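Engineer:
In our numbering, the protein residues as written are 14 to 187.
#1: Would you call residue 196 buried or exposed, if buried means 16 or more other Cβ atoms sit within 10 Å of its Cβ?
#2: Three or more beta-carbon pairs under 8 Å between the region 89 to 100 and the region 39 to 53, yes or no?
#3: Pull up the distance between the alpha-carbon of residue 110 and that of residue 68, whole angstroms please.
#4: In the DSSP assignment, what are the bridge partners of residue 137?
#5: With a cut-off of 8 Å on the beta carbons, I'd call residue 79 and residue 90 a contact; round off their distance for me.
#6: Rounded to whole angstroms, how far is the Cβ of residue 18 from the Cβ of residue 42, which I believe are closer than 8 Å?
#7: Less than 7 Å between the beta carbons of residue 175 and residue 162, yes or no?
#8: Around the Cβ of residue 135, are there at least 16 other Cβ atoms within 10 angstroms (buried) or fewer (exposed)?
#9: Could you tell me whether the Cβ atoms of residue 164 and residue 26 are closer together than 7 Å?
#10: Whole angstroms is fine: what's the gap from residue 64's alpha carbon to residue 83's?
#11: I'd like the span of the alpha helix (DSSP H) that includes residue 15, first residue to last.
#12: State the DSSP-derived secondary structure class of residue 46, mapped to helix, strand or coil.
#13: Helix, strand or coil, according to DSSP, for residue 87 in the structure here?
#14: Got a sec, what are the start and stop residues for the alpha helix (DSSP H) residue 116 sits in?
#15: Quick one: what does DSSP say residue 6 is sitting in, helix, strand or coil?
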């Protein structure tokens with residue numbers, strides 16, 4: 014699903030992004046509710062990037078990547094955590110592209126996400142290449158999502174990848 018976000022472009026640069034796990038839902042400009050084999054997932058586009066809410070039988074998990082005023086947690090390159098019965102893994106990278114490469118990559122990602130049944134993309138007014146895009150899937154009992162945050166003024170594309178799965182408990186042998 015592709016939408017135009019009716020708000021100003023609040024993320025000024027990739028370095029302004031912060032990461033948080035477990036935040037309450039923030040006001041969203043666009044949402045996509047998904048049911049992925051027993052997991053309810055809500056993809057949320059914010060005025061300041063994205064939030065994902067995952068509701069499985071064992072609880073709720075939320076991930077926020079956004080410009081969070083007062084946040085002291087910058088966007089990490091990687092995180093691996095146990096959250097209740099879940100294993101949570103997050104990775105982020107920043108791609109720096111030339112203007113021509115950036116435009117091509119932006120078009121490619123927007124086409125991929127907007128045509129996907131589990132995809133949500135929002136374009137900010139003023140630039141067709143200023144966008145946030147999200148894509149989710151369930152694979153081998155785990156929920157995965159990827160996001161892209163575009164900063165055309167700097168030629169930067171922030172890509173994130175998240176995996177959440179129920180922790181496998183092994184029986185102790187006596």
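No residue lacks a Cβ here, since even glycine has one placed at the ideal position from N, Cα and C.
It should be emphasised that the depicted structure is a prediction, and the values quoted were computed from it without experimental measurement.
Structural biologist: Let's see:
#1: There is simply no residue 196 to check, as the chain begins at 14 and stops at 187 in what is shown.
#2: no
#3: As a first step, residue 110 must be located in the chain shown, where it is residue number 97. As a first step, residue 68 must be located in the chain shown, where it is residue number 55. Approximately 36 Å, taken between the alpha carbons.
#4: By one-based count along the chain shown, residue 137 stands at place 124. The partner list for residue 137 (beta bridge, DSSP) is empty, contrary to what the question assumes.
#5: As a position in the chain shown, residue 79 is number 66, starting the count at 1. As a position in the chain shown, residue 90 is number 77, starting the count at 1. The pair is not a contact, with the Cβ atoms about 17 Å apart (cut-off 8 Å).
#6: Locating residue 18 in the chain shown gives position 5, counting from the first residue. Locating residue 42 in the chain shown gives position 29, counting from the first residue. The pair is a contact, with the Cβ atoms about 5 Å apart (cut-off 8 Å).
#7: The residue you call residue 175 lines up with position 162 of the chain shown. The residue you call residue 162 lines up with position 149 of the chain shown. Not closer than 7 Å, so no.
#8: Locating residue 135 in the chain shown gives position 122, counting from the first residue. The residue in question, residue 135, is buried, as its Cβ has 16 or more Cβ neighbours within 10 Å.
#9: Mapped onto the chain shown, residue 164 falls at position 151. Mapped onto the chain shown, residue 26 falls at position 13. The Cβ atoms of residue 164 and residue 26 lie closer than 7 Å to each other.
#10: On the chain shown, residue 64 is found 51 positions in, with the first residue counted as 1. On the chain shown, residue 83 is found 70 positions in, with the first residue counted as 1. Computed Cα separation, rounded: 17 Å.
#11: Position 2 of the chain shown, counting from 1, holds the residue named residue 15. Note, residue 15: premise wrong, no alpha helix (DSSP H); beta strand (DSSP E) at 15 to 17.
#12: Walking along the chain shown from the start, residue 46 turns up at place 33. Looking at residue 46 - three-state DSSP - the assignment turns out to be strand.
#13: Position 74 of the chain shown, counted from the first residue, corresponds to residue 87. Here residue 87 sits in strand by DSSP.
#14: For the purposes of this step, residue 116 is taken as the residue at position 103 of the chain shown. Note, residue 116: alpha helix (DSSP H), 112 to 127.
#15: No answer is possible for residue 6: it lies beyond the span of the chain, which begins at 14 and ends at 187.
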